[in-house]
Amino acid sequence: IVKFPNLLSCSLELNLKPTVQWLKGLGMDDSQVAKTIVKFPQLMGYSLEDNLKPRVQWLKGLGMDDSQVANTIVKFPNLMGSHSLEDNLKPRVQWLKCLGMDDSQVAKTIVKFP
Numbered sequence: 003i004v005k006f007p008n009l010l011s012c013s014l015e016l017n018l019k020p021t022v023q024w025l026k027g028l029g030m031d032d033s034q035v036a037k038t039i040v041k042f043p044q045l046m047g048y049s050l051e052d053n054l055k056p057r058v059q060w061l062k063g064l065g066m067d068d069s070q071v072a073n074t075i076v077k078f079p080n081l082m083g084s085h086s087l088e089d090n091l092k093p094r095v096q097w098l099k100c101l102g103m104d105d106s107q108v109a110k111t112i113v114k115f116p
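Okay, so the sequence shown: first residue is 3 according to our numbering, each after it adds one.
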């Protein structure tokens, strides 16, 4: 709560429950969901449709499966919102590709070191 007091104003039915269910749908168990929320409670305030789902689709587009995406979110939940997809994440992936990495190698790199 100290990190993100707005968590208390998030709708239980519109934000919190759907986001937790969505995270579980990626393969996270209760302890992983809790760990993710503790590390980055702001995640609970992000829109599933406008923010979280597009980022996961982008990660899957690099060749990551649900399990890899879930593990990446648990390790580095900030990836889901504190870095702009268009201004930060995509250009960095493009830079890695310019070094000769293919999508599979980029995905493996992200899984190991988000």
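By construction, the Cβ of each residue, glycine as well, lies at the ideal position given by its N, Cα and C atoms.
Closest by C-alpha distance to residue i, when choosing among the options
i: I75; options: L16, S33, T38 and K19; result: T38
i: L78; options: D31, P93 and F115; result: In the sequence under discussion, the amino acid at residue 78 is Phe, which differs from the Leu named in the question. Selected option, being the one with the closest Cα: F115.
i: K19; options: G47, R94 and K92; result: G47
i: G27; options: D89, A72, L45 and K62; result: A72
i: L91; options: L61, M103, V35 and K110; result: L61
i: L45; options: G83, T111 and M103; result: G83
i: F42; options: H85, M66, D52 and Q59; result: H85
Distance CB(residue i)-CB(residue j) smaller than 9 Å
i: L98; j: V108; result: yes
i: L64; j: D105; result: yes
Residue i to residue j span [Cα, whole Å]
i: L25; j: L101; result: 32 Å
i: G29; j: S69; result: 6 Å
i: Q23; j: N80; result: 19 Å
i: R57; j: S33; result: 22 Å
i: K55; j: L16; result: 15 Å
Residue-chain proximity (residue i, chain D), Cβ-Cβ < 9 Å
i: Q59; result: Reference to chain D is not applicable here, since this structure consists of a single protein chain.
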